[in-house]
Amino acid sequence: MTFTQAELDYLATQHLGRLATAGADGVLQNSPTGFRHNPETGTIDIYGRAMGTTKKFRNVRANGQVAFVVDDLASVDPWRVRGVEIRGTAEAVEDHDPPSPYMSREIIRIHPRRIISWGVDPAQAGMEGRDV
8 MTFTQAELDY
18 LATQHLGRLA
28 TAGADGVLQN
38 SPTGFRHNPE
48 TGTIDIYGRA
58 MGTTKKFRNV
68 RANGQVAFVV
78 DDLASVDPWR
88 VRGVEIRGTA
98 EAVEDHDPPS
108 PYMSREIIRI
118 HPRRIISWGV
128 DPAQAGMEGR
138 DV
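Counting in my numbering, the sequence shown runs from 8 upward without gaps.
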């Protein structure tokens, strides 16, 4: 299993993350995106309305290195942050059946290589990072 159960439970409650990509020229981009965990592939799949026309899709096609962060504030009093960072490689997939009719047939599929999480597992204090 790529993700822990606590990480999967947390990701299932969230709707947005931020995807960092780099173009062929090395210029970085960070984009807010919706996402879904794909249990069949162990990946994070990112869909969109016109995904195939976006800079992030072109960046993934040119340079598949990505980082994806999902985080939030569980509480401000006391201050308690939680989140999951996923570093890995991504592929620009075309002709994929979208989960909704308003989404395009292109997706970005992230294959995790390193996962760092914090505050998502009550049994784990601090940050936890591992290669997968």
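Quick reminder that beta carbons are idealized off the backbone N, C-alpha and C, glycines included.
- Of the residues 8, 139 and 24, the one whose Cα lies closest to the Cα of residue 79 is 24.
- When secondary structure is reduced to three states using DSSP, residue 121 falls in the strand class.
- Residue 77 places its beta carbon less than 7 Å from that of residue 91.
- With respect to the C-alpha of residue 39, the residue from 95, 104 and 53 having the closest C-alpha is 53.
- In the three-state DSSP reduction, residue 58 falls in the helix class (H, G or I).
- Counting only unbroken stretches of 3 or more residues, the beta strand (DSSP E) elements lying wholly within the region 27 to 85 are 35 to 40, 43 to 45, 50 to 53 and 72 to 83, in sequence order.
- Between the alpha carbons of residue 22 and residue 42 lies a gap of roughly 7 Å.
- For residue 14, the uninterrupted alpha helix (DSSP H) run begins and ends at 12 to 20, by DSSP.
- A residue is called buried once 16 or more other Cβ atoms fall within 10 Å of its Cβ, and residue 94 is buried on that count.
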